[in-house]
Structure formats: C-alpha cells, structure tokens
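Novice:
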Amino acid sequence: MTHAQAAVLIEQHGGVATEHVSRQTTMLVVGEEGWPLEEDGQPSVKLLQIQKLVAEGVTIRLLQESEWLQALGLEERSQESRRLYTPAMLSGLLKVTVHRIRGWERMGLIRAVKRVFRLPYFDLQEVQSARRLSELLTAGVSERELEQSLRALPSVIRGDQRPFQQLEILARGQRVVVKDQHGLLIPTTRQRLLGFDEGSVAVDDPEHVPFCLKLDRANLLPQRSAEEWFAQGCQQNDEGELNEAIEAFRMALISDVPTAERQFHLAEALARSENPRGALERFYATVELDHDYLEAWTQIGSLHRELGEPELALMAFDVALEIHPDCPDAVLQKGETLSELGRGDEAVEQWNRYLTFDSRGPWAELARQRLETWGVTATPAE
-13 MTHAQAAVLI
-3 EQHGGVATEH
7 VSRQTTMLVV
17 GEEGWPLEED
27 GQPSVKLLQI
37 QKLVAEGVTI
47 RLLQESEWLQ
57 ALGLEERSQE
67 SRRLYTPAML
77 SGLLKVTVHR
87 IRGWERMGLI
97 RAVKRVFRLP
107 YFDLQEVQSA
117 RRLSELLTAG
127 VSERELEQSL
137 RALPSVIRGD
147 QRPFQQLEIL
157 ARGQRVVVKD
167 QHGLLIPTTR
177 QRLLGFDEGS
187 VAVDDPEHVP
197 FCLKLDRANL
207 LPQRSAEEWF
217 AQGCQQNDEG
227 ELNEAIEAFR
237 MALISDVPTA
247 ERQFHLAEAL
257 ARSENPRGAL
267 ERFYATVELD
277 HDYLEAWTQI
287 GSLHRELGEP
297 ELALMAFDVA
307 LEIHPDCPDA
317 VLQKGETLSE
327 LGRGDEAVEQ
337 WNRYLTFDSR
347 GPWAELARQR
357 LETWGVTATP
367 AE
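Residues -13 to 368, numbered by the numbering used here, are exactly what the sequence shown covers, in order.
(1) Could you give the distance in angstroms between the alpha-carbon of residue 201 and the alpha-carbon of residue 248?
(2) Evaluate residue 10 with the Cβ neighbour count: other Cβ atoms within 10 Å of its Cβ, from every protein chain shown; 16 or more gives buried, anything less gives exposed.
(3) Whose CA, out of 270, 334, 157, 293, lies closest to the CA of residue 305?
(4) Using CA atoms only, rank isn't needed, just tell me which of 223, 349, 356 is closest to residue 71.
(5) How would you label residue 1, buried or exposed, when you count the other beta carbons within 10 angstroms and need 16 or more for buried?
(6) Please name the residue, chosen from 251, 96, 129, that lies closest to residue 158 on a Cα-to-Cα basis.
(7) Which residue comes first and which comes last in the beta strand (DSSP E) that contains residue 15?
(8) Report the rounded CA-to-CA distance for residue 223 versus residue 341, giving the unit in angstroms.
(9) Decide yes or no for the touch test of the region 320 to 334 against the region 100 to 117: beta carbon pairs closer than 8 Å, at least 3 of them.
(10) Identify the residues that DSSP records as bridge partners of residue 102: which are they?
(11) Between the C-alpha atoms of residue 15 and residue 90, what's the straight-line distance to the nearest angstrom?
(12) If you run the structure through DSSP and keep just helix, strand and coil, what is residue 351?
(13) Are the region 271 to 280 and the region 297 to 313 touching, with three or more C-beta to C-beta distances below 8 Å?
(14) Between the beta-carbon of residue 215 and the beta-carbon of residue 238, is there less than 7 Å?
(15) Between the C-alpha atoms of residue 101 and residue 73, what's the straight-line distance to the nearest angstrom?
(16) For residue 81, does the count of other Cβ atoms within 10 angstroms reach 16, so buried, or fall short, so exposed?
(17) Is it buried or exposed, residue 286, if we count other Cβ atoms within 10 angstroms and call 16 or more buried?
(18) Which same chain residues end up closer than 6 Å to residue 356 when comparing Cβ atoms and leaving out the 5 residues on each side of it in sequence?
(19) Would you mind stating whether residue -6 and residue 32 have Cβ atoms separated by less than 7 Å?
(20) Identify the continuous alpha helix (DSSP H) that holds residue 81 and give its terminal residues.
(21) Which one of 121, 291, 57 has the shortest CA to CA distance from residue 374?
(22) Taking the beta carbon of residue 12 as the centre, do at least 16 other beta carbons fall within 10 Å, making it buried, or is it exposed?
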C-alpha cells in the first residue's frame, strides 16, 4: 500500500494523516514492504522519534500494516500481506528476477511455505526482508551495523529470529570468494578483487630451481559426481556464467541417470542464454521424466508464446491447470494467450480469476487493464 492510499483510508475513518512525528501523534503504522531502515542501515528516523516519545510517557500505538487494516475492519485487505506468491509473481512485484529468487531459496535465504507439484509458494514479507538486507549489505552497510539496527527494532516489527538468520546467510555469502579465469570474484555482489603479483622468479636464482612435471592428460579431467556437476552448474548459473553452467548441467545429466530437476535447470540456463528452442526441448524432456512438473509446463507455454505459437502455448497452460487448477502463473498466461487468439470472452474469465490470487502486483494491474479494455469491471470471486 502506498502512503497516499493509506492517507485516504485514515481520513475515511476519521483520522488525520501526517508526514511528521509529534506529541500529537497517536499511531505509527509500519508498512510490510521491507524493514524500516534508512539507507545507512540505521532504524528509520520516525521510528526512533516514536520510541523517544514513548519513553517520555507519550501514548503512541505501533502497528504493522496488516494489524492496522484488521483494526479498521478491513479483513480482506489485511489478508493481502499474508498471501503466498510464486517466484514469477514475486518477480513482477519486487522487480527481482525469477532466477535470483530461486537462488535465494537454494541459499536458504528464503523458505517456501508450501510446494504444489514442485512449484514453491513464498511469504511476501520474508522475501522483502531478504531483498532489503541484500541491498543494504551490497551498498556497504556492515553486518554488525545491520544486526544492531535489527535488534533496535521493536519486537512487534522484527518478529522472530528469522531476519538475523537471513543476515548471517547473506553475510556469509559475501565472504565467499570464487576464482575464475579472470581472477577472484565475490559472487553475491559480482565485485572483483584486485590481485597482486607475487613477483617473478629469475631463472638463474639458485634458491629456485625450475623443473618440469609431465602429467597424464586424463588425470587433468575433473572427476566429479553428477551431484557435484549439478552444484557447480547452479553456482555458475547464479554468477551469470551461462555457457559454463550449461556445460556443467550437461555433465550432470551425462554422469548419472537424468532427473527432471537437472533437465529443468539446463532448460532455464538455455532460456537465459537466449536459446528458446533449445530451452523448449529441455523443458519437454523435464515433463517426460515428471509429467506433473508444474513450472516446466508454464515455461513451455511461455516459450511457445514467445515463439509465436499460441495454440501450442494454450495446450501447455491447459495441462498446467489440469495439474494445479489454482496455478496463478498459468491462469494469467492462459488469459493472455486466449486474447491473442481473439477469444476475449474466455480471456476475461481468466483475468478475473487471476485477481483472486493477486490484487497488488503488476500482474494484477495488467489483468485490470485487460478487463477495462474489454469493457468489463473486475469482479474477483470470493
């Protein structure tokens, strides 16, 4: 919810919205889109002012957005922050790539609340927390400063120990240094470390005698298990080294019996490297191994749309919805595909249905715009 939207609600319920904190302030509502921290990692100025006034004996209520909406009797609105979101929905809502969201899950930074046919659903607040902490660490705020700031937040805002666990995971990731063909790299920030020449050794230096060692070429080839190749592919994929990741995923498939998950990751890497046909074949290989791999079907539909094959895309989305009728990604994309095929009445049904899953993100706004274009008022089902 934006500040302007909150101000309208306050005035509708007899209150006065103010931009500044004073002794006349009776309530501070903290939004749930990330932590109330400034750009330097310190607690927000308003929050510190409120804490000072409360310590001086002024009565001020401190509420989270969902608690405030519930107090106003807006139960439906208060439930919005507790909705669960798929990676694709989060990508649009938070302007973070789906790939990065999946990477955060692999790190343990975010945890799926549930999975439906392998499709993870996440709590929005936890993902927003991870994104905000990641932004602050990348901007140069130290782990210690952030931990102190989090501990300074009232427990009503901070909740359990989860933000501290997220901070530890992120900070540990920043301390990991990867060596590639260009030197040393911090994977989480993509920053390179400057190397220093250790100095050359003169051939005629009596303390350093050069020698040659003949190695069998076969021994130079990395001997790794399928799991190790797969882990390497995931890391390289996260670091944007797509060609290397693709080869590692291929080696993982060659080294053992192919699995749906490894096929899916290879397909995703191919899609990111702008090879839609190659990605499409691998996504089909994924569902050949696991027919109910939901994300693979939605990706198949997306790629067919991208390639100008709406009829094939529609078939894929229909399969996805047979597997999981309440899959938001498939519902919205099916609506878009039906519209492309000139089947507007059927598309309207899908756009309206999507709004039952999401009412605040850009995809929800897209669905409303589509309905408006067709002269239909959004009427999401209860």
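C-beta: ideal position from N, C-alpha, C; glycine also. Nothing here was measured: the structure is a model prediction, and the numbers come from that model.
Specialist: Let me lay it out:
(1) Unreliable positioning characterises residue 201 in this predicted model, as indicated by a pLDDT of 40, which lies under 50. The coordinate reading is nonetheless provided below. Rounded to the nearest angstrom, the two C-alpha atoms are 33 Å apart.
(2) With fewer than 16 Cβ atoms within 10 Å of its Cβ, residue 10 is classed as exposed.
(3) Looking only at 270, 334, 157, 293, the smallest Cα-Cα distance to residue 305 is reached by 270.
(4) Answer by Cα proximity: 349.
(5) Exposed.
(6) Here the closest residue by C-alpha is 129.
(7) The continuous beta strand (DSSP E) containing residue 15 extends over residues 13 to 16.
(8) About 33 Å.
(9) Put simply, the region 320 to 334 does not touch the region 100 to 117. Fewer than three CB pairs are less than 8 Å apart.
(10) Answer by DSSP bridge pairing, in chain order: 105.
(11) Spanning the two alpha carbons is a distance of roughly 29 Å.
(12) Residue 351: helix per DSSP, three-state reduction.
(13) In short, these stretches touch, since the Cβ pair count reaches three.
(14) Yes, the Cβ-Cβ distance between residue 215 and residue 238 is below 7 Å.
(15) So the two alpha carbons sit approximately 12 Å from each other.
(16) Result: exposed.
(17) Its Cβ being crowded by 16 or more others within 10 Å, residue 286 is buried.
(18) A distance below 6 Å between beta-carbons, with the five flanking residues on each side excluded, links residue 356 to the following residues of its chain, in chain order: 337.
(19) Remark: C-beta atoms of residue -6 and residue 32 do not approach each other more closely than 7 Å.
(20) Per DSSP, residue 81 belongs to no alpha helix (DSSP H) and is neither H nor E.
(21) Only positions -13 to 368 of the chain appear in this structure, which leaves residue 374 out of reach.
(22) Burial call: exposed.
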